[in-house]
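K.L.:
Below you'll find the structure I mean.
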Amino acid sequence: MGFLSKLFGNSKIKENEKMEKVKLAVIFYSMGGTNYQLAKWAEEGAREAGAEVRVLKVEELAPESVVQGNEVWKATTEATKDVPVAKGDDIEWADAVIFSVPTRFGNMPSQMKQFLDTQGGLWATGKTVNKVVSAMTSAQNPHGGQEATLLSLYTSMMHWGAIIATPGYTDPVIFGAGGNPYGTSVTVNEDGKMIEDVEAAVKHQAKRTVTVAEWVKKGK
């Protein structure tokens, strides 16, 4: 009986491990609403892939007077008011993280940079190691720093010891969205509308991120 109990017990453990969902944090910063939409599409794709998902925003650093003085910015703030603010605990909880940010002079926004810079405690204790990460971005023109922004974020991820899961050219939808292998990027016109159709590419990137995270979990 002891042998059988041990045998069935091990099987139960393996079954539970197999059933455990990938935990994904989708962390965004959005001034005009674009990256909030990208985050929601990523959430949909990840849930379709079987992941448990948290959609989170980083804290706003701009003065309230500036935000309220811009109608688009103000509307986005109102639309995202119920979205939880990302914390270090969310990074620790997650197996994988998808970041979504607009470009700022070919770099990530200061709001996202501050969030990353405050994760030194997690980094120092090795809690960022082997997190699977991916990123998305937007800009007002195709050559406004989209790729550079993603690379700037990925540089921080290399210091984290994270595993970067880019979409590459793993699906034809990448080409339809503009063909950025570093991560889905979209051009936004003066009216705040997305020029490229990137919904399918975002969902593919999210599913790929979840899949890579599953491989890592199984490898552990």
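Using the numbering used here, the first residue of the sequence shown is number 1452, and each one after it goes up by one. A virtual CB, placed ideally from N, CA and C, is assigned to each residue, including glycine. All figures in this text were calculated on a predicted structure; none of them were measured in a lab.
(1) Could one say the Cβ of M1608 lies closer than 9 Å to chain D's Cβ atoms, at least one of them?
(2) Does the stretch 1510 to 1527 come into contact with the stretch 1572 to 1583, if we say contact requires no fewer than three beta-carbon pairs (one atom in each stretch) closer than 8 Å?
(3) Got a sec, what are the start and stop residues for the beta strand (DSSP E) S1551 sits in?
(4) Hey, out of T1485, K1491, G1670 and A1513, whose CA is closest to K1654's CA?
(5) Cα-Cα, which of V1517, Q1656 and R1498 is closest to P1632?
(6) Assuming T1485 and V1552 make a contact with CB atoms under 8 Å, what is their CB distance in whole Å?
(7) Which class does T1588 belong to by DSSP, given the choice of helix, strand or coil?
(8) Which residues does DSSP pair with F1479 in a beta bridge?
(9) Unbroken beta strand (DSSP E) runs of length 3 or more, entirely within the stretch 1600 to 1665: which are they?
(10) Would you list the residues sitting across from E1543 in a DSSP beta bridge?
(11) To the nearest angstrom, how far is the alpha carbon of V1415 from that of D1541?
(12) In the DSSP output, which residue or residues are listed as bridge partners for K1474?
(13) Tell me, to the nearest whole angstrom, how far the beta carbon of V1509 is from that of F1566; I am working on the premise that it is less than 8 Å.
(14) If we count the other Cβ atoms within 10 Å of its Cβ and call it buried at 16 or more, is K1532 buried or exposed?
(15) Hey, E1529 and K1658 are a contact pair by Cβ (cut 8 Å); roughly how many whole angstroms apart?
(16) Straight-line CA distance for K1668 to R1505?
(17) So, for A1493: in the same chain, excluding its five sequence neighbours on each side, which residues have a beta-carbon less than 6 Å away from its beta-carbon?
(18) Between the C-alpha atoms of P1593 and M1482, what's the straight-line distance to the nearest angstrom?
(19) Taking the alpha-carbon of S1585 as reference, which of M1609, E1641 and Q1591 has the nearest alpha-carbon?
(20) Using DSSP with H/G/I as helix, E/B as strand and the rest coil, what is V1536?
P.N.:
Considering the structure as presented:
(1) Among the protein chains of the structure shown there is no chain D, as only one such chain exists.
(2) no
(3) A1547 to P1553
(4) K1491
(5) Q1656
(6) The Cβ separation is near 10 Å, so there is no contact.
(7) strand
(8) K1508 and S1551
(9) 1636 to 1638
(10) Paired residues: none, contrary to the question.
(11) An answer regarding residue 1415 cannot be provided, because it is not within the stretch 1452 to 1671 covered by the chain.
(12) E1503
(13) 4 Å
(14) exposed
(15) Contact flag wrong, Cβ pair sits at about 30 Å.
(16) 18 Å
(17) V1477, I1549, V1653 and A1657
(18) 18 Å
(19) M1609
(20) strand
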